[in-house]
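J.: Sharing a structure, written as structure tokens. Questions coming.
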Amino acid sequence: MTHKLVKVLPVGYNVKKVKTALLWGYIISAAFSAIVYFSNLIVNYNNLFYYDEAGNRLLRTNVKMASFHLLRERAFDFFLIFIFMLLVFSIYNFIYHYIGSKSIFTMRRLPQKYELIKRCVTVPVIFIILSFVSVIVLNSVYFSIYEHVVPEVSKLSSEEMMWRF
Amino acid sequence: MIKINSLTKKYGTKTALENVDLEFPRGEIVGLFGENGAGKTTLMKCILGFLSYKGEITLDGEKISTKNIEKISFATSEHSFFPALTAEGHRDFYSEHFPEFNEKRFQGLMEFFALPKNRPIRTFSMGQKNQFEVILALSQGADYILMDEPFAGNDVFNREDFYKVLSGILEEHETVILSTHLIEEVSDFIGRAVLIREGNIISDVKAEELEEQGKTLISYIKEEFNYRGDRVSKALSDITGEEE
Chain A
339 MTHKLVKVLP VGYNVKKVKT ALLWGYIISA AFSAIVYFSN LIVNYNNLFY
389 YDEAGNRLLR TNVKMASFHL LRERAFDFFL IFIFMLLVFS IYNFIYHYIG
439 SKSIFTMRRL PQKYELIKRC VTVPVIFIIL SFVSVIVLNS VYFSIYEHVV
489 PEVSKLSSEE MMWRF
Chain B
18 MIKINSLTKK YGTKTALENV DLEFPRGEIV GLFGENGAGK TTLMKCILGF
68 LSYKGEITLD GEKISTKNIE KISFATSEHS FFPALTAEGH RDFYSEHFPE
118 FNEKRFQGLM EFFALPKNRP IRTFSMGQKN QFEVILALSQ GADYILMDEP
168 FAGNDVFNRE DFYKVLSGIL EEHETVILST HLIEEVSDFI GRAVLIREGN
218 IISDVKAEEL EEQGKTLISY IKEEFNYRGD RVSKALSDIT GEEE
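Given below as structure tokens:
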């Protein structure tokens, strides 16, 4: 992977460092998303129950579970930050060609017309797409977990959901 | 041949080049002379396509584009190497992107100037950076080598070495267009002098013509630029109040 990345990053970049930073950015975004969602889900889910005098865990029929939208409200914030950082990274990749020398002159006179753009935007775009896909996949997974875990009686009706959304 | 027809370049309202007509045939070593801001760098940047302009610039009859840009190389005092990359890394990059890259010349020049091959270029001294910049331009495999003040910051011995090496290694089909203020140093090296003043070509003369006229390059340039030899003594006299 490192060998392939060398071809799509600005010349002279420390590819290992970039790869590590990007992977950590992605992992932290995904981990933050899961932590936020599941902690919201667990807290709200536990609120649906109470314990009687005998210590039995019983469902409160008069309490409704928070809507799915509310539970995942801040779950994807780190992905948004990560995407923003990737856009900044892409701009920096262009600026890099003016730091310490004007290597932009070399890049602009290459016989390969799109080499500069390729090296500046490919990696950020790949990770932006990966982030969007991950948000969609994680959202679907979270929703199916919500549907599976929350008792039917505790779910908001679609009308209530609309008002609380 | 690089042919420039009616080239005009303006920065806002300021005219940097006005109606320039020039030809650079293969095999010439051309000196481009003029004061700071005369338009030398702008001319080179127009040839390379870095700037938009009015007029026409062709290379061997064709417009300069990605199809033929590899025939032109560029060494600049601003530097165009990748500071974080080693010399070996540059060699790999250039040989990958420039099909005519001259590996033998690159290695030969690296050894001649005793430049380290495995250190990032940013760790080089200014003189070494300039040397490396020119090595890349000479090794690219280009037919037209544009050099914009390439020796700024080099000591005189370094520069002399360079002129000797340049005259020794250049092949018949290679053209060098050299912009510099070090007129006396390059006078034995160049075959033609183009003088630019305020965006206009004021003179274009061959070394043989100067020889026939019994003029040196520096005296010719001073003459063309109406250099007033007495201006220093006059200024000193004005400042000190003493008679000359």
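First to last, the protein sequences are chains A and B.
Residue 356 in our numbering sits at position 18 of the first sequence, with consecutive numbering throughout.
Residue 232 in our numbering sits at position 215 of the second sequence, with consecutive numbering throughout.
C-beta: ideal position from N, C-alpha, C; glycine also.
Can you check DSSP and say which residues form a bridge with residue 213(B)?
T.: 218(B)
J.: What are the start and end residues of the alpha helix (DSSP H) that includes residue 92(B)?
T.: Taken as a continuous stretch (DSSP letters only), residue 92(B) belongs to no alpha helix (DSSP H), being part of the beta strand (DSSP E) at 89-93.
J.: In chain D, which residues lie with their C-beta within 8 Å of the C-beta of residue 162(B)?
T.: Protein chains A and B are contained in the structure displayed, whereas chain D is not.
J.: Go through its chain and collect everything with a Cβ distance to residue 42(B)'s Cβ below 6 Å, but skip five positions before and after it.
T.: 18
J.: Would you list, in chain order, the members of the segment 67-101 of chain B that have their beta-carbon closer than 9 Å to a beta-carbon of chain A?
T.: 67, 82, 83, 84, 85, 86, 87, 89, 90, 91, 93, 95, 96, 97, 98, 99, 100, 101
J.: Would you call residue 167(B) buried or exposed, if buried means 16 or more other Cβ atoms sit within 10 Å of its Cβ?
T.: buried
J.: So, helix, strand or coil for residue 72(B), using DSSP?
T.: strand
J.: Taking the alpha-carbon positions, what's the residue 92(B) to residue 164(B) distance?
T.: Roughly 5 Å between the two C-alpha positions.
J.: Does the CB of residue 195(B) have a neighbour CB from chain A at under 8 Å?
T.: So, not an interface residue.
J.: Residues in its own chain within less than 6 Å of residue 126(B) by CB, not counting five upstream and five downstream?
T.: 152
J.: Considering Cα atoms alone, identify which of 233(B), 149(B), 238(B), 250(B) is closest to residue 52(B).
T.: Ranked by how close their Cα comes to the Cα of residue 52(B), the residues 233(B), 149(B), 238(B), 250(B) have 238(B) in first place.
J.: Which of the three DSSP states is assigned to residue 403(A) in this structure?
T.: coil
J.: Quick check: the Cα distance between residue 482(A) and residue 488(A), rounded to an integer number of angstroms?
T.: 10 Å
J.: Under 8 Å, Cβ to Cβ, is there at least one residue of chain B near residue 447(A)?
T.: yes
J.: Using C-beta distances below 7 Å, list every residue in its chain close to residue 189(B), excluding the 5 sequence neighbours before and after it, in chain order.
T.: 44
J.: Measuring alpha carbon to alpha carbon, tell me which residue in 70(B), 119(B), 64(B) is nearest residue 28(B).
T.: Taking only the C-alpha atoms, the option nearest residue 28(B) is 70(B).
J.: Can you name the residues of chain B whose CB is closer than 8 Å to the CB of residue 427(A)?
T.: Here the premise fails: no neighbours, minimum Cβ distance about 16 Å.
J.: Can you list, in chain order, the stretches of the alpha helix (DSSP H) that have 4 or more residues and sit fully within the segment 436-470 of chain A?
T.: 441-446
J.: Assuming residue 173(B) is part of the alpha helix (DSSP H), what are its boundary residues?
T.: First-last of the alpha helix (DSSP H) with residue 173(B): 173-186.
J.: According to DSSP, simplified to helix, strand and coil, what is residue 33(B)?
T.: strand
J.: Under 7 Å, CB to CB, which of the residues in the segment 45-67 of chain B have a partner in chain A?
T.: 65, 67
J.: Looking only at DSSP bridge pairs, what is residue 20(B) linked to?
T.: 40(B), 75(B)
J.: Taking residue 137(B) and residue 101(B) to be in contact with their CB atoms under 8 Å, please state how far apart those CB atoms are, rounded to whole angstroms.
T.: 5 Å
J.: Less than 8 Å between CB atoms is the rule here; does residue 168(B) satisfy it with respect to chain A?
T.: Residue 168(B) is outside the set of residues whose beta carbon lies under 8 Å from a beta carbon in chain A.
J.: My output table needs one value for residue 193(B): the three-state DSSP class, helix, strand or coil.
T.: strand
J.: Could you give the C-beta distance for residue 441(A) and residue 118(B), rounded to a whole number, given that I count them as a contact under 8 Å?
T.: That belief does not hold up - the Cβ atoms of residue 441(A) and residue 118(B) are roughly 17 Å apart, past 8 Å.
J.: In the segment 458-487 of chain A, which residues sit with their C-beta less than 7 Å from some C-beta in chain B, listed in chain order?
T.: Hits within the stretch: zero.
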